[in-house]
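This report refers to the structure that appears directly beneath it.
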Ligand code: PRP
Ligand code: URA
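In our numbering, the protein residues as written are 438 to 646.
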């Protein structure tokens, strides 16, 4: 799948071990999720366009590059996507932040929308959708469709752990969306949880179980 990028780096591998380990506490889990988002952001923004401007250093005039083109927005899928926002804003402090609230119905595993608040000019921005887990892909597909319905044309998806089933589903529904993830796990279990995964990302981030 050419639009799925699995970002391979020793720092990512190390932090993934931390978040997978069930003995890792809420504080360390939250920090590692934020750091992983920052590391993924580095790769997901590799193709941002640049333009040259003229500046003066203390020594001489010179031409130097700055980011140009469309402005960015990040859109976490609530709840767990919130854990990735700070990591991205550390690198791109001017990005606007929208929120899409979706939860998976525990019986059907289908996403249920309960909240949506996006920047007014979202259709003029490049959007990176954030969610640590891409399991069946239902939540990601619904969030991307919602953004497209609002006129957003350039969307990337950032996940920490993805399942083959979810990436295949997102790619089939939204072939224009590039997916950046830190790990592609083996499969889903009977409850549509990622194996080996890390369990319930929202519960581990917010300590709700
Ligand atoms: C989790 C996760 C994703 C979704 C992934 O959220 O954060 O949004 O499941 O599963 P899918 O690919 O099969 O749709 P959950 O529904 O548990 O909600 P929460 O973040 O509020 O706990
Ligand atoms: N949501 C999670 O939080 N974890 C999974 O493994 C699957 C969906």
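For glycine and all other residues, C-beta sits at the position ideal for the given N, C-alpha and C.
| Asked | Found |
| --- | --- |
| Looking at the ligand PRP, does it come within less than 7 Å of residue 584, judged from the CB to the closest heavy atom? | no |
| Pull up the distance between the alpha-carbon of residue 633 and that of residue 600, whole angstroms please. | 10 Å |
| If you run the structure through DSSP and keep just helix, strand and coil, what is residue 563? | strand |
| Check whether the Cβ of residue 631 lies closer than 7 Å to any heavy atom of the ligand URA, and answer yes or no. | yes |
| Are residue 598 and residue 622 close, meaning C-beta to C-beta below 8 Å? | yes |
| Per DSSP, which one or two residues make a beta bridge with residue 513? | 567 |
| Report yes if the C-beta distance between residue 620 and residue 568 is below 8 Å; otherwise report no. | no |
| Residues around the ligand PRP, please: the condition is that the C-beta lies closer than 7 Å to some non-hydrogen atom of it. | 514, 515, 516, 517, 518, 539, 540, 541, 546, 548, 568, 569, 570, 571, 572, 573, 574, 575, 576, 577, 603, 629, 637, 638, 639 and 640 |
| Compare the C-alpha of residue 560 against each of 612, 550, 548 and 589 and name the closest. | 589 |
| As a quick exercise: from 510, 558 and 520, pick the residue whose alpha carbon is nearest that of residue 641. | 520 |
| Taking all protein chains shown into account, decide if residue 472 is buried (16 or more other Cβ within 10 angstroms of its Cβ) or exposed. | buried |
| Counting pairs of beta carbons, one from the stretch 450-458 and one from the stretch 467-481, are three or more of them closer than 8 Å? | yes |
| Going by DSSP in three states, residue 524 sits in which element: helix, strand or coil? | helix |
| Could you work out which residue in 501, 502 and 525 is closest to residue 475 when comparing CA atoms only? | 525 |
| Taking 8 Å as the cut-off, decide whether the C-beta atoms of residue 555 and residue 512 are in contact. | yes |
| Kindly indicate which three-state DSSP category residue 531 falls into: helix, strand or coil? | coil |
| Taking the continuous beta strand (DSSP E) assigned at residue 503, which residues delimit it? | 498-504 |
| Since residue 538 is in the beta strand (DSSP E), which residue starts that stretch and which ends it? | 536-541 |
| In whole angstroms, what is the alpha-carbon distance linking residue 635 and residue 603? | 16 Å |
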